[in-house]
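Everything on this sheet refers to the single structure shown next.
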Amino acid sequence: MVLGAHGVADAVPLPSEGDGSRRSGGRQAAGGRARPAGRGAAARPALGAAGAEEGGGGGGGGGGRSPPAGPGGGHLRGPSPRRAVPVYALDARVAWPLAAALCTALLCLYQALRGGAAGEGAAEAGSVPLLKGSALLLLGCLLARCCGAAGGGARPGGARAAGARRGALESFYARQLRLSPHVLGHSKAHVGRVVAELVRAAKAQGLQPGPLALSLRGDFVRVGSAYEQHKVRSPDCFDVLVPLRLPPHLEPQPRRAGPCGAFVCGLRARAGRPRRQRPLTEGFCVELQGRSHLSAGLVLRWFQGHLQRCLGAVRYRLQDRCRISLSACPGRPPTLHIVPCSDYVCCHISMAVRLIPAIPLGDALYLTALPPQGPQAAEALWGLNTSRQEQRLLSWLKEQAPATSCHLKCLQILKGLRDLRGQGLEEPFCSQWGWVLSSYMLKTALFSLLLRGPLEAWDERFLVERLEDLVLYLRDCLRKQVLMHFFLGNTGLPEAVPLPRFLKEAAPVNLLAAFDGPTLDLAAFQLINTWIQAPHIIRMYSSPRYLRPVPTPCRHVAEARQEPAAE
């Protein structure tokens, strides 16, 4: 198997799936080939020396070290492994010395036979041509190697490998990752209408316990990959922030509460009225170090019950459009399930919408509940949501980058490769793999890399090179165990992307501080190995059930096509 973009040999062979359906699905996913990736001054060479360094010595998991052992260890499950058929390309650096040695041996044999037949005198006379011939062959070998090094052209085998790699990635993106703009647009519009009805009902029903408790502000904020144009596979999951409103005499006071960017939300009464906050404190706060802090768990529990009480009226109003239901797990935001009616939404996709309660801090900043992690102290922790700042940065990058920029496509392909690789990992590392390389981590690394160099280098022609840069940057971050939050304490952002004062004055946060060294080393090893073997992983773990379904044609488009053209 040819690895990297220059034909580096495969270091760690992957097992092939035993069932025929996976092999057929893999052949479909890696079907077409594209022409080799373009080269230019802005592009750096693809994984050649880096791939060889990682491939040698067990796949390269951190400077020649073997990956740390652990349960799950990143071993692939499946039937008995079967090695892929290797493909070898003739290397001029090996061919010329072999040819010179072979010719010298033939010349020596010829002179020996000639000397034995002509006598001792002829043998002595033939020793001079023997030395001359050997010297000429060695000189020709050196000249040929020097000319090849001076040419600097890509070897045919490397060009074919680069073309096969790009073809596999492009086919993987087109078949499994890319979303139909038509289907995505219809899904977002339908989600917006249903959520707007629910939020409006929750605000107008007047079900809150009293004027001194929490209430809904009446709007919602669309966040997540579906609204940032880098969602993959199917537009069936969405995230929506639902801002809450504190009583008018109280204001939040967030403070850092850990190395990983967690916050606690204190409350301060305006105009020196501490007694006015007692109703909210008794129902939604916990005591930490003698002070009251807003509890994410209590707020989440109230939010779930509040939406559930309003669901009946909304379900009746939307019965002609869709069927809706609400599910909630303890400590998790509620999920709104939407099943559209066949005669209303043309694409017929069932959708799930996470409704996340958010405490607004001003300047489009929000505090959102973190997943439960243990005692009462952890229940008071909140996470800082900077989705609106990320959307502004992406809009600015879209304006500055070339029209054919591939930065979002690189993010989508890397998310897809991460998901495919996760299918072959065992617990507990499979879950750790998803957390270490979460979509937020990948997006943070992409932002950091985009602002390092000229945006013209992210043209579509250099897709493989830029994707490789992203993989190597992430590998280095995992080895160093450092990936800084992109907005907290970052003073190097463009002036066109203003930051709130709260973010500018915050201390920097290392997003990898919560993970131990062996886990990050193993993740770095698996990441670089996934990139080296990307075409093989795509073929092996792709099957029809993971392929993007072909959406049903819009009935409005079909009707328009059936109408005769206007004269």
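Residue 386 in numbering that gives the first Met the number 0 sits at position 387 of the sequence shown, with consecutive numbering throughout. Even for Gly, the Cβ is constructed at its ideal location relative to N, Cα and C. None of these values were measured; they are calculated from a predicted model.
CA-to-CA distance, residue j to residue i, given in whole angstroms
i    : j    : result
Q303 : E467 : 43 Å
A456 : F446 : 14 Å
V193 : V222 : 16 Å
D458 : P401 : 6 Å
C264 : E286 : 11 Å
A368 : S437 : 18 Å
P234 : K202 : 28 Å
R254 : F262 : 5 Å
L243 : R216 : 5 Å
L482 : W395 : 23 Å
C284 : L306 : 20 Å
V239 : F219 : 7 Å
R314 : I337 : 10 Å
W301 : L213 : 9 Å
A195 : Y472 : 41 Å
R232 : E494 : 35 Å
R101 : Q110 : In the sequence as displayed, the identity of residue 101 is Leu instead of Arg. Their backbone Cα atoms lie some 14 Å apart in a straight line.
A327 : L299 : 10 Å
P329 : N384 : 21 Å
R320 : G289 : 51 Å
A98  : L105 : 11 Å
S567 : R159 : Here the chain covers residues 0 to 566 and nothing more, so residue 567 does not appear.
R478 : H181 : 41 Å
P339 : P370 : 30 Å
G491 : H185 : 38 Å
S179 : L249 : 45 Å
A565 : R460 : Residue confidence is low: A565 scores 38 on pLDDT, short of 50, so the model does not pin down where it sits. Its coordinate-derived value is still stated next. Each residue's Cα considered, the two are about 41 Å apart.
Q318 : P251 : 39 Å
P574 : G488 : The first residue shown for the chain is 0 and the last is 566, placing residue 574 beyond what the model contains.
R177 : S386 : 22 Å
Y439 : E378 : 22 Å
R277 : P247 : 14 Å
G452 : F428 : 34 Å
Integer-rounded CB distance, given that residue j should sit under 8 Å from residue i
i    : j    : result
S291 : L266 : 6 Å
C476 : A444 : 7 Å
T334 : A351 : 5 Å
R165 : V463 : 5 Å
Q480 : C309 : That pair is no contact at about 46 Å.
M411 : H229 : Checking the sequence, you will find Gln at residue 411 rather than Met. So it is a contact: roughly 5 Å between Cβ atoms.
G382 : G260 : 7 Å
L416 : A533 : 6 Å
I527 : R474 : 5 Å
L454 : Q390 : The Cβ separation is near 18 Å, so there is no contact.
A256 : L380 : 6 Å
L392 : V496 : 5 Å
Proximity below 9 Å, CB of residue i to CB of residue j
i    : j    : result
I358 : P332 : no
I348 : L419 : no
K414 : L441 : yes
S541 : Q175 : yes
L245 : L297 : no
A225 : K187 : yes
F501 : L364 : yes
R353 : F486 : no
L510 : L519 : no
V241 : V190 : no
R538 : A167 : yes
H406 : R322 : no
Residue-level contact to chain D via CB, residue i, 9 Å cutoff
i    : result
R164 : Of the chains in the structure shown, none is chain D; there is only one protein chain.
Any non-hydrogen atom of the ligand NAP within 8 Å of residue i CB
i    : result
V298 : Ligands displayed in this structure: none; no statement on the ligand NAP is therefore possible.
Secondary structure, alpha helix (DSSP H): runs of 4+ residues fully inside the stretch 406 to 474 = 406 to 421, 428 to 435, 438 to 449
Kindly confirm or deny that the stretch 432 to 439 and the stretch 406 to 424 touch, where touching means at least three C-beta pairs closer than 8 Å.
-> yes
Does the pairing of the stretch 518 to 531 with the stretch 492 to 508 give three or more beta-carbon distances under 8 Å?
-> no
Would you list, in sequence order, the uninterrupted beta strand (DSSP E) runs of no fewer than 3 residues that lie entirely inside the stretch 316 to 359?
-> 321 to 326, 334 to 339
Considering only residues of the stretch 182 to 220, which uninterrupted beta strand (DSSP E) runs meet the minimum length of 3 residues and lie entirely inside it, listed in chain order?
-> none
Which runs of the beta strand (DSSP E), 3 residues or longer, sit entirely within the stretch 461 to 542?
-> none
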